[in-house]
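In this note's numbering, the protein residues as written are 2 to 357.
Here a beta-carbon is modelled for each residue, glycine too, at the ideal position from N, C-alpha and C.
Written out below as structure tokens is the structure these notes cover.
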Ligand code: NAP
Ligand code: ZN
């Protein structure tokens, strides 16, 4: 058993202002990596800029990261970062900008290399990354993962380097501008992280302290996601971060592996795509290890797998996934060693085809 959480985390209101000095001392000049709009609307970008200016930090902004960031975007940002001689990256936004920030940090750290280094297994230099999350879902502020869209292969994949942010400034106040859809989809992503981490080959007594705690927190707010108040935002943000710590130790499993095709081919947002497979995963897992699934349900305050499935259906609404996509997805999954090894039992293609 081992535990590794190398990110310095401040999770509180106004933490960007309070700890701006620490952020600005990460380097001489920052590349701020963010999305197109939301970080302006929720105040996070202004908070970061003000904190840097108050501490005489230099910066340049790249604000073109799309949802499910692509390699092309990473390479475009790298160009700017190299031109501007930045020596650290600040990712501001949801999982997309922060994941992109990690990959950009690697590419700037290796200016002579092409994008193939994203997928190689050699140790590489990368610039330090600071994370300022504005969604409560991915937990990327504390995970080593960076998931990129590979248009050539019509899918998404985590880069092979493990890049933990050195600093995470987690302020739940940024969550308040989220649409109900973004809040629900991202919260479902965190729920998927907790379930897939608890019900995982790599789960052990030590790392289950994260997934168990996160599941309990989710249980506390599960019926308030459509009507959140201040306390719900705070719990959401800590729950998603703890879920990030859980998957940092175990990785994710079959629902995540299956979600990527739904996102790429049908445009279903990441968290929702995972959520669609989650009930089926619990059912399938429960047939092999009922006590483990019962523990998950107990922590969430739910009575049965059927109640869990009903809850997700109510939350996410009805989604039609064409049969040929379900089949192709299951077929592809059978050769996804990374995800299959996190499911402790043997699995058949037909089971995956019907996992929804
Ligand atoms: P996202 O793709 O970063 O953002 C989704 C949408 O929400 C965007 O339109 C964004 O707008 C908007 N948004 C973000 N913060 C907002 C706020 N506070 N108020 C209003 N709107 C806001 O969503 P995400 O679910 O956080 O990230 C998904 C990505 O993370 C996927 O690529 C997924 O594969 C990856 N992921 C990574 C990990 C990991 O450990 N690294 C784990 C799970 C998932 P703008 O575009 O204008 O910013
Ligand atoms: Zn996820």
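At a cut-off of 7 Å, would you count residue i as near ligand 1, judging by its Cβ distance to the nearest heavy atom?
i           : result
residue 157 : yes
residue 38  : yes
residue 176 : yes
Check whether the Cβ of residue i sits closer than 7 Å to any heavy atom of ligand 2, and report yes or no.
i           : result
residue 190 : yes
residue 275 : yes
residue 162 : no
residue 139 : yes
residue 193 : yes
residue 250 : no
residue 152 : no
With DSSP collapsed to three states, give me the class of residue i.
i           : result
residue 86  : coil
residue 294 : helix
residue 127 : coil
residue 134 : strand
residue 65  : strand
residue 18  : helix
residue 171 : strand
residue 287 : helix
residue 341 : helix
residue 272 : helix
residue 59  : strand
residue 237 : helix
residue 93  : strand
Determine the contact status of residue i and residue j, defining contact as a CB-CB distance below 8 Å.
i           : j           : result
residue 148 : residue 100 : yes
residue 81  : residue 119 : no
residue 298 : residue 331 : no
residue 164 : residue 199 : no
residue 280 : residue 320 : no
residue 193 : residue 152 : no
Using the beta-carbon count (16 or more within 10 Å), is residue i buried or exposed?
i           : result
residue 90  : buried
residue 114 : exposed
residue 181 : exposed
residue 254 : buried
residue 211 : buried
residue 84  : exposed
residue 108 : buried
residue 350 : exposed
residue 213 : buried
residue 42  : exposed
residue 232 : exposed
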